[in-house]
Amino acid sequence: MPTIDRHDVEAVVRRYGLATDDEAVDAYLEATAELATQYGGLAAEQPAADTTVDPTPGDDEHNAFRYRFELGGGNGALSDLDLAVKENIVVAGVPSTCGSPGFEYEPPHDATVVDRLVDDGATLVGTTNMDEFAFYITGETCAHGRTSNPTVEGCVPGGSSSGSGAAVAAGLVDAALGTDTGGSVRIPASFCGVVGIKPTHQRVSRFGVVDLSHSLDHVGPLAGDVETAARVLETIAGPDGADPSTRGTPEPAGYVDAVDAGVDGLDIGVVTEAMATSEDAVADRVSETVAELEAAGATAEEVSLAGYPTMGPAVGAIAGMEFAAFVGANGASYSTGTGTTAALREALAAANERGEFGENVAGLLVTNGVLAEGDGAEYVAAKGMQRQFSRTVGEALEDYDVLVMPTTPITAPEFGELEGMDGLLRAVENTAPFNCSGTPAVSVPCGSVDGKPVGLQVVADWNDETTALRVAGAVESL
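When we follow my numbering, the leftmost residue of the sequence shown carries the number -3, and every step to the right adds one.
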C-alpha cells in the first residue's frame, strides 16, 4: 500500500480549488488513507500464457526484427503463413522495449491477437522494430537502430510499424501486425509498396498492446497482397472479453470473398483536400487508378470533407496527452481501452524511475504532460474536432460506398528528410483523419513515381471492411 503524503493531498486539494485549511486537509488525509487500505485488498489474477518462447535477437539486413522465435504452426486457416508482430504487441517471454532505450517489459501473457493467430495455425517468427513508443512515422527513432526500406534503397520504410512493413516488403514474412494511431500501419504500407489495413476502431482487441493513445489506437495487418491481409484480419477481428471496448463489434465475415467481388455499381468519392495537398505525381497516379475503376464499372466524383486539414494536429494533441497521462500514471489507462496488468505497470514505473527515454519521446512526454496537467482546453478542443469530423465522414459515406485518396501525400523520403512535428504532420495528412473518424481504411499499391511506390487509400463505413477490401482488391487486379 502506498504511503499517503500530506503534501500530495494538499496539491490535489488545490487542483480542485477546495479549502486548504489544516482541518480540511487532515480530513482528506484520513479519508485517503482509509480508502487506500480498502483498495489495498484488490488483487486480480494476472494473465499467463500456457507456453513461452526462447527468443534470439533479430539479425537481418533491413533491421526489421527485434527478436526471432517460432510459435504456433498448427492446423488452421492460417497454417500456410509466417507472421511477425510489432514489438508493442506482446508475446509471452519475449522482451518488449517498444523501441525505447529505457523500457523493457517481459510479458507473462500473449496479446489476444497473438493467441488468435496461433489458434488459427499461423507460425509467428518474431517481433519487429518500431519507432519509440509508436510516436513517429519514419522508423528512425528506434533505440535499436533505424529500419531501412527494402523497396527503395536509401529511404525510410515509414513508421511507426517500420519493422512490420520492412519484413513484409523484404519477403521475410507473409504478413505482420502493426498498430495505427495516426497512420502507422498505412504509412509503411504506402512507402514500402505493400497492403496495410486499419480496421474500424475497436474492431480488433488491443489487450496485450502497449498503448500510445487509447482512443485512437488500432491493430491491423500488413501483407504482400490484399487477400492475405484480409485472411489475417478475419482471424484477429471480433469481440474479446479481455478488451471491453470490443463488446458489440460484429464477428468478421466475408472479407476474403470481397477481394474478388469487383467494383461494378459502387460509388466512389475522391477527397479533394487530399488530392490538392499531395505531390502532383502522387495525385496523378491515384487519379489514373480511379479512372480505371470507373472503366471497371464504378462511378466517381470529387467530395470535400470539412475540417480535413486540421485532423493531423488534432490527432497529435489527443495522442500526445493520452500518452503522457498513460506513462505518467505508470500504465494506468483510466478509460475503456486495453486494460493494464501489474507486470506492465511495474515496467513503466521502472522506466519512469530511470528516465532514459529517447529525445523524441522525452519531448513528447514533457510538453504534453504540462498541457495535460493544465486546464484541459487543448484536449477537449481536439476531441470536439474529432466528433465533428466523424459526423462529416459519416454524412459523406451516406452518399458514397467508399472514399479514396493517396495514402500518403508523398512517396518514401530519404533518411533525415522528414524531421520533427512538421515532418510527422506532413506524413499523416491523409491517414490521421480516419483515426479520428474510426472508419476502416486500406492502403493498396497503385503504381509508382520515379521508382517509389504510391499507395491508394480506401475508406469505408464503420464495420464495413468488406467494401473497402472489395475496392482494394479491384485496385490490385488492375
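All C-beta atoms in this analysis are idealised placements derived from N, C-alpha and C, irrespective of residue type, glycine included.
Practice prompt. Less than 8 Å between the CB atoms is what I'm expecting for Ala172 and Leu218, so what's the real figure, rounded?
Written response: 5 Å
Practice prompt. Give the range of the beta strand (DSSP E) segment to which Gln453 is assigned.
Written response: Lys448 to Val455
Fill in: Residue interval of the alpha helix (DSSP H) (run including Val282)
Asp276 to Ala291
Discussion item. Using 9 Å as the threshold, is the C-beta distance between Pro436 and Val455 below it?
Written reply: yes
Practice prompt. Out of Leu212, Asp78 and Arg142, point me to the one whose CA is closest to Pro429's CA.
Written response: Leu212
Fill in: Reduced DSSP category for Ala171 - H, G, I as helix; E, B as strand; rest coil
strand
Worksheet item: How many Å lie between Ala44 and Val282 at the Cα?
Response: 47 Å
Discussion item. Short of 8 Å in beta carbon distance, which residues of its chain neighbour His3, apart from the five on each side in sequence? Order them along the chain.
Written reply: none
Worksheet entry | Nearest candidate by alpha-carbon position, reference Glu342, set Phe61, Leu79, Ala32 and Glu100 | Glu100
Item to complete: Rounded to whole angstroms, what's the CA-CA distance from His140 to Gly451? Just pull it up for me.
Response: 28 Å
Fill in: Three-pair Cβ contact test at 8 Å for the segment 77 to 95 versus the segment 13 to 33
no
Worksheet item: Sorted by chain position, which residues of the same chain lie with C-beta nearer than 6 Å to Asp116's C-beta, five sequence neighbours on each side aside?
Response: Gly72, Ala73, Leu74 and Thr231
Worksheet item: Gly265 lies in the beta strand (DSSP E); which residues open and close that run?
Response: Asp263 to Val267
Worksheet item: Residues in its own chain within less than 6 Å of Glu374 by CB, not counting five upstream and five downstream?
Response: Ala313 and Leu367
Practice prompt. Report the rounded CA-to-CA distance for Val121 versus Gly324, giving the unit in angstroms.
Written response: 33 Å
Worksheet item: Taking the alpha carbon of Leu289 as the point to measure from, which residue in His214, Thr16, Ala377 and Leu399 has its own alpha carbon closest?
Response: Leu399
Worksheet item: Which residue's Cα is closest to the Cα of Thr123: Pro91, Gly447 and Asp460?
Response: Pro91
Discussion item. Check this for me: beta carbons of Thr427 and Gly179, under 9 Å apart or not?
Written reply: yes
Worksheet item: Are Ala321 and Pro402 touching if we call contact CB-CB under 9 Å?
Response: no
Discussion item. Give me the DSSP bridge partner(s) of Thr80.
Written reply: The displayed chain sequence assigns Ala, not Thr, to residue 80. According to DSSP, Ala80 bridges with Gly122 and Ala172.
Worksheet item: Anyone know if the C-beta pair for Thr175 and Leu208 falls short of 9 Å?
Response: yes
Worksheet item: Looking only at its own chain, which residues have a Cβ that is under 7 Å from the Cβ of Ser201, when we skip the five neighbours before and after it?
Response: Thr108, Val109, Asp236, Ala238, Asp239 and Thr242
Worksheet item: Apart from the five residues just before and just after Glu247, which ones in its own chain have a Cβ nearer than 7 Å to its Cβ?
Response: Gly234
Practice prompt. For Ser160, collect the residues of the same chain with a Cβ closer than 7 Å to its Cβ; drop the 5 residues on either side in sequence, then sort them by chain order.
Written response: Ala80, Lys82, Thr124, Ala172, Leu173, Gly174, Pro184 and Leu218
Worksheet item: When the distance is taken between beta carbons, is Val438 closer than 9 Å to Ala470?
Response: no
Worksheet item: What residue ranges within the segment 99 to 147 form continuous beta strand (DSSP E) runs of no fewer than 3 residues, ordered along the chain?
Response: 119 to 124
Item to complete: Select from Ala20, His58 and Ala165 the residue whose C-alpha is nearest the C-alpha of Glu136.
Response: His58
Worksheet item: Going along the chain, which residues of its own chain have a beta-carbon closer than 8 Å to the beta-carbon of Leu340, five neighbours each way excluded?
Response: Tyr101, Pro103, Val206 and Gly327
Worksheet item: Quick one, are the C-beta atoms of Ala468 and Val191 less than 9 Å apart?
Response: yes
Practice prompt. Look at the alpha carbon of Ala294 and the alpha carbon of Glu284, and state the distance between them as a whole number of angstroms.
Written response: 14 Å
Worksheet item: Between the C-alpha atoms of Asp22 and Leu14, what's the straight-line distance to the nearest angstrom?
Response: 13 Å
Worksheet item: Are Pro195 and Val164 closer than 9 Å when you measure CB to CB?
Response: no
Worksheet entry | Check whether Thr306 and Met381 have beta carbons under 9 Å apart | yes
Worksheet item: Which whole runs of the beta strand (DSSP E) in the segment 177 to 234 are 3 residues long or more, in chain order?
Response: 191 to 194 and 214 to 219
Worksheet item: Less than 9 Å separating the beta-carbons of Gly265 and Tyr396?
Response: yes
Worksheet entry | Short Cβ contact (9 Å threshold) for Asp170 with Leu77 | yes
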